[in-house]
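Be aware that the sequence shown starts at 16, since it is given in our numbering, and climbs by one per residue.
Beta carbons are placed, not taken as given, at the ideal position from N, Cα and C, and that holds for glycine.
This one's a predicted model, so the numbers in the text were calculated from it and none came from an experiment.
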Amino acid sequence: MVSLVPSLTEAVAATAPGLLVGATDWCSHPADLSVTRIGGTKNPDVPRILALAPDLVLANDEENRRPDLDALRAAGVPVWVTDIRTLDGAFRSLDRLLTTACGLPRPDWLDEAEAAWASVGSGGAPPEVDGPRTVVPIWRRPWMVLGRDTFAGDLLRRLGLRLVHADHPERYPAVPLPELLAGRPELVVLPDEPYRFTAEDGPEAFPGTPAALVSGRHLTWYGPSLVTAPAVLRHALDHPLGPGGTGGTGAS
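Quick look at the structure:
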């Protein structure tokens with residue numbers, strides 16, 4: 016099996032590591048993963064993947080390019096594609112992947128992840144929250160933010176945040192910085208992936224607004240990281256950098 020998705024790589028490796036023969040250069044967990052590296056998520060080396068003769072390739076509709084997946088299918092390789100928009104959807108998708116596609120027993124970590132999130136927010140209906148109005152940049156130059164219908168947005172909603180762009184027609188809209196500031200956010204959440212925001216790169220663009228530096232793996236990955244994600248994200252959100260990028264504890 017070859018995985019083109021870091022979170023799915025971690026999910027399979029944590030459950031049955033012997034199944035994986037290849038993964039992307041961005042598949043950083045588990046740290047001791049020893050498989051053939053086949054390039055990036057957006058530019059995988061298709062001939063190298065085919066040379067591994069996998070019986071299945073794991074992909075994601077958002078993370079991977081359709082032409083690459085079509086090329087694999089054209090060569091006769093089955094491709095399992097996930098499409099994750101919510102936490103509940105992630106749990107269902109992971110269960111199908113591991114038990115149906117991989118033929119494995121349901122792993123304990125998946126039960127632990129569901130239990131960890133069970134008391135956080137609500138399921139289908141948006142919770143009644145009065146948390147801070149929040150902007151969540153995922154890129155700069157140009158600035159892009161979380162919009163509607165995103166997995167990361169669902170996690171933050173469950174943690175009580177009100178995303179300013181939750182009803183934007185686009186899922187990841189490009190919004191000029193003056194427009195972001197004009198929305199008068201009460202909190203800015205800065206993950207360390209896909210763009211690596213840091214205490215020195217990001218908070219200064221939002222003067223006067225507390226900035227929470229969060230772990231991108233815990234915010235955007237769906238896999239074993241979901242077990243600790245509620246506590247890790249809650250800690251980061253409760254300890255933002257002060258206005259101007261001072262104080263706080265940053266991401267965990």
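Between residue i and residue j, how many whole angstroms is the CB-CB distance? I'm expecting something under 8 Å.
i: G238; j: A26; result: 4 Å
i: A167; j: T235; result: 5 Å
i: A74; j: V92; result: That pair is no contact at about 11 Å.
i: T51; j: V36; result: 6 Å
i: G54; j: D76; result: That pair is no contact at about 19 Å.
i: V94; j: L109; result: Contact doesn't hold; Cβ gap of about 17 Å is too wide.
In the structure shown, what three-state DSSP assignment does residue i receive?
i: D207; result: coil
i: D169; result: helix
i: R148; result: strand
i: L109; result: helix
i: R52; result: strand
i: G104; result: helix
i: D60; result: coil
i: S43; result: coil
i: V179; result: coil
i: G33; result: helix
i: G238; result: coil
Measure the alpha-carbon distance for residue i versus residue j and round it to whole angstroms.
i: E201; j: P225; result: 7 Å
i: R100; j: L178; result: 15 Å
i: M16; j: V72; result: 6 Å
i: V135; j: A66; result: 44 Å
i: A157; j: Y210; result: Going by the sequence as given, residue 157 is Pro instead of Ala. Approximately 11 Å, taken between the alpha carbons.
i: E185; j: D164; result: 9 Å
Indicate whether residue i and residue j have their beta-carbon atoms separated by less than 8 Å.
i: A131; j: L241; result: yes
i: P245; j: L205; result: no
i: P255; j: A227; result: yes
i: T114; j: E78; result: no
i: V190; j: V229; result: no
i: G217; j: P258; result: no
i: L19; j: P69; result: no
Handout entry: Three-pair Cβ contact test at 8 Å for the region 169-177 versus the region 188-195
Key = Contact between the region 169-177 and the region 188-195 is not established, with fewer than three Cβ pairs separated by less than 8 Å.
Handout entry: Touching by the beta-carbon criterion (3+ pairs, under 8 Å), the region 20-34 and the region 114-129
Key = yes
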